[in-house]
Structure formats: C-alpha cells, structure tokens
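Read through the structure below, which is laid out as structure tokens, and then see the notes.
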Amino acid sequence: MVVIVAFALGRDADTAKPDAKSSGPPPPITVAAPPADPATDAPCAQVLSVLPIELGQLAPRVVHAEPDSPNVVAWGNPAVVLRCGVGRPAGFVPTSDLVLSGVYWLPVKTKDATVFTAIDRAVYVEVTVPAKQAYVPLPQLGRAIASKLKAVCAVPDDRTNPPTNQLCTNRK
0 MVVIVAFALG RDADTAKPDA KSSGPPPPIT VAAPPADPAT DAPCAQVLSV
50 LPIELGQLAP RVVHAEPDSP NVVAWGNPAV VLRCGVGRPA GFVPTSDLVL
100 SGVYWLPVKT KDATVFTAID RAVYVEVTVP AKQAYVPLPQ LGRAIASKLK
150 AVCAVPDDRT NPPTNQLCTN RK
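Numbered by numbering that gives the first Met the number 0, the letters in the sequence shown go through residues 0 to 171 in order.
Written as structure tokens, this is what we have:
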C-alpha cells in the first residue's frame with residue numbers, strides 16, 4: 000500500500016540541500032509501520048485527520064509503510080516521520096526526561112535522529128526527527144495531537160505530583 004500525502008512542492012534527495020526547493024519530489028521512503036491493532040484505529044484516524052499537509056516549510060513525502068498501514072506519514076528531506084499507534088517506548092521509566100509542547104514527549108536520541116514519543120494520549124505517537132533536520136516539528140504536531148486526543152495520564156512536573164495510579168509510566 001502506498002500512502003500518498005501529497006507532493007506538490009518537492010525536493011531532489013540526491014542533489015538538493017535538505018528542504019531546499021528543487022524541480023521534483025524526493026523519492027518515496029519506506030517506513031516500518033506500527034503493529035496492527037484495532038484499538039489504535041480510531042484514535043490514529045483522529046490524529047491523522049488534523050495533521051498538516053505541509054509541516055512548517057517541509058513538504059509531504061510519499062511513504063511506503065511495511066506492512067501496509069495508513070498510520071505513517073512523513074515530511075521533508077531528510078524526512079520527519081510520524082507513526083501513530085506504536086508500542087510503549089522501551090526507555091519509558093519513572094525517571095524519563097520529558098519535554099512538554101502541547102503533549103508530553105519522551106525523547107530518545109540515536110546517532111542519526113531523535114525519536115520523540117507522545118506518552119500521555121490514548122495511543123502512543125512517535126515522531127522521528129533526523130539530526131540533520133533544522134525544523135523542530137513538535138509544537139505544531141503536539142497541537143494537532145492535543146486537538147483530537149485528550150490526555151489519559153499524568154506526568155509529574157515542578158507544579159504537580161499526581162497520584163501513582165494516574166501516572167503515564169503505569170500505562171501499557
């Protein structure tokens with residue numbers, strides 16, 4: 000299955016600087032889809048319905064999800080990839096460093112990217128931002144996610160210390 004978001008403004012991945020306008024769209028990307036789970040279908044459809052076609056200055060990308068899934072979208076070159084309905088992040092423990100931008104995000108740095116996972120919504124939503132990508136998409140994506148999915152758990156911060164049974168670290 001090919002998920003075509005749109006590619007009216009494209010970039011040539013081989014010759015252009017990241018996110019510089021060029022004569023054609025960048026090549027499609029292949030992304031591992033989250034595991035199929037009927038419980039994530041409705042919340043992910045809600046999130047996908049409000050995602051921007053362009054993410055800031057980043058044009059949409061053609062995505063081949065493996066296995067087939069509508070829950071993967073991408074923008075820009077290098078691509079910022081959003082996967083909705085992923086599993087609980089492996090590094091999610093009570094002492095996780097959380098970032099707030101409309102939703103609570105768990106950042107995990109890798110050599111080539113930072114993977115941010117929204118941890119306080121009905122489904123986990125993962126956004127991979129390549130290290131070479133200058134645009135920071137979390138505020139715009141966080142607003143979109145928060146507009147459709149309310150928080151289902153709490154994260155302690157400087158002002159609050161929620162009851163243990165309400166903590167995001169206790170959800171699966």
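Think of the CB as a built atom: it goes at the ideal place given N, C-alpha and C, for glycine as much as any other residue.
Rounded separation between residue 143 and residue 102 - CA only: Residue 143 and residue 102: Cα-Cα distance of roughly 10 Å.
Alpha carbon to alpha carbon, how far is residue 111 from residue 129? Straight across, the Cα-Cα distance linking residue 111 with residue 129 is about 6 Å.
What residue does the alpha helix (DSSP H) around residue 143 start on, and which one ends it? Run containing residue 143: 137-147, per the alpha helix (DSSP H) assignment.
For residue 118, count neighbouring C-beta atoms within 10 Å of its own C-beta (all shown protein chains included) and say buried if the count is 16 or more, exposed if not. Answer is buried; the Cβ neighbour count reaches 16.
Kindly indicate the opening and closing residues of the alpha helix (DSSP H) around residue 42. In this chain, the alpha helix (DSSP H) harbouring residue 42 covers 37-49.
Using 10 angstroms around the beta-carbon of residue 71, count the other beta-carbons present and answer buried if the total reaches 16, otherwise exposed. Under this definition residue 71 is a buried residue.
From 79, 150, 131 and 146, pick the residue whose C-alpha is nearest to that of residue 115; which is it? Closest option to residue 115, Cα to Cα, is 79.
Suppose contacts are defined by Cβ-Cβ distances below 8 Å. Is residue 33 in contact with residue 68 by that definition? It is a contact, given that the beta carbons lie within the stated cut-off.
Could you spell out where the beta strand (DSSP E) holding residue 110 opens and where it closes? The continuous stretches of beta strand (DSSP E) do not include residue 110, and DSSP gives it neither H nor E.
Based on Cα-Cα distance, which residue from 127, 100, 122 and 123 lies nearest to residue 183? Lying before the first or after the last residue shown, residue 183 is absent from the chain, which here runs from 0 to 171.
Going by C-alpha to C-alpha distance, which of 81, 122, 89 and 168 sits closest to residue 50? The option with the nearest alpha carbon to residue 50 is 81.
Assuming residue 87 contacts residue 171 (C-beta within less than 8 Å), just tell me the rounded distance between them. Yes, they are in contact, since the Cβ atoms of residue 87 and residue 171 sit about 6 Å apart, within 8 Å.
Does DSSP classify residue 83 as helix, strand or coil? Shown here, residue 83 sits in a strand according to DSSP, grouped into three states.
Measuring straight from C-alpha to C-alpha, what distance separates residue 4 and residue 76? Residue confidence for residue 4 is low, a pLDDT of 36 falling below 50, so the modelled location carries little weight; the figure read from the coordinates is stated next. Between residue 4 and residue 76, the C-alpha separation is close to 15 Å.
Tell me which same chain residues have a C-beta within less than 7 Å of the C-beta of residue 29, skipping the five on either side of it? Excluding the 5 residues flanking it on each side, residue 29 has same chain C-beta neighbours closer than 7 Å at 63 and 65, in chain order.
By the DSSP assignment, the beta strand (DSSP E) with residue 129 in it spans what residues? Start and end: 123-129.
Exposed or buried, what is residue 42 when buried is set at 16 or more other beta-carbons lying within 10 Å of its beta-carbon? With a threshold of 16 other beta carbon atoms within 10 Å, residue 42 meets it and is buried.
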